[in-house]
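For what it's worth, the numbering used here labels the leading residue of the sequence shown as 272, then goes sequentially.
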Amino acid sequence: MARDSPFEEIERFFDQFSGGLDGLEPTGGGFAVDLADHGDAFEMTADVPGYGSDDIEVTLPDPRTVRITATAETESEREASEDDYRYIRRERSERSLNRTVSLPEDVTESEASATHENGVLTVRLPKATAEDETEIPVE
């Protein structure tokens with residue numbers, strides 16, 4: 272029985288592992304994200320269960336990058352003792368997740384919008400056009 276070269280096996284592994292990522296970072300430590308191209312805009316959908324609208328921050332560090340940060344806090348131990356009860360088991364605590372997604376084209380930052388409903392965040396990112404570019408005069 273002939274055995275493949277170990278280098279071929281490693282190459283095959285990397286091909287399988289990296290296939291389909293297309294500019295998205297791995298989901299470890301973040302949330303699942305879908306990115307769709309609607310022609311004139313990108314639409315990014317992210318599952319953020321357990322986070323309210325006030326817990327989520329969406330930023331555009333540059334015209335080709337979207338960053339989502341979600342932070343949720345539970346009541347403090349002090350508040351719990353004031354309510355005259357004590358925890359027998361406590362597993363929920365402050366949790367924070369973030370995700371950065373690279374876009375294949377520039378977007379118009381001023382026209383971006385985001386909605387949050389039933390644990391799903393939807394971010395609409397209109398693509399930049401030649402009209403959006405700023406010309407810098409050369410002296």
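No residue lacks a Cβ here, since even glycine has one placed at the ideal position from N, Cα and C.
Note that the structure is predicted; figures quoted are calculated from it, not measured.
Can you give the Cα-Cα distance for residue i and residue j, rounded to whole angstroms?
i	j	result
residue 393	residue 369	15 Å
residue 315	residue 326	18 Å
residue 340	residue 308	22 Å
Check residue i in the structure and name its three-state DSSP category.
i	result
residue 377	coil
residue 359	coil
residue 303	coil
residue 314	strand
residue 382	helix
residue 341	strand
Which residue wins for smallest C-alpha separation from residue i, given the options the options?
i	options	result
residue 401	377, 372, 338, 321	377
Once the 5 residues before and after residue i are set aside, which same chain residues still bring their CB inside 8 Å of it?
i	result
residue 302	317, 318, 319, 339, 341, 368, 370
residue 391	316, 317, 318, 319
Within 10 angstroms of the Cβ of residue i, are there 16 or more other Cβ atoms? Answer buried if so, exposed if not.
i	result
residue 293	Since pLDDT at residue 293 reaches only 45, below the 50 mark, its modelled position is unreliable, and the value read off the structure follows with that caveat. The residue is exposed, with fewer than 16 neighbouring Cβ atoms inside 10 Å.
With a threshold of 6 Å on Cβ separation, who are the neighbours of residue i within its own chain once the five nearest residues in sequence on each side are excluded?
i	result
residue 366	343
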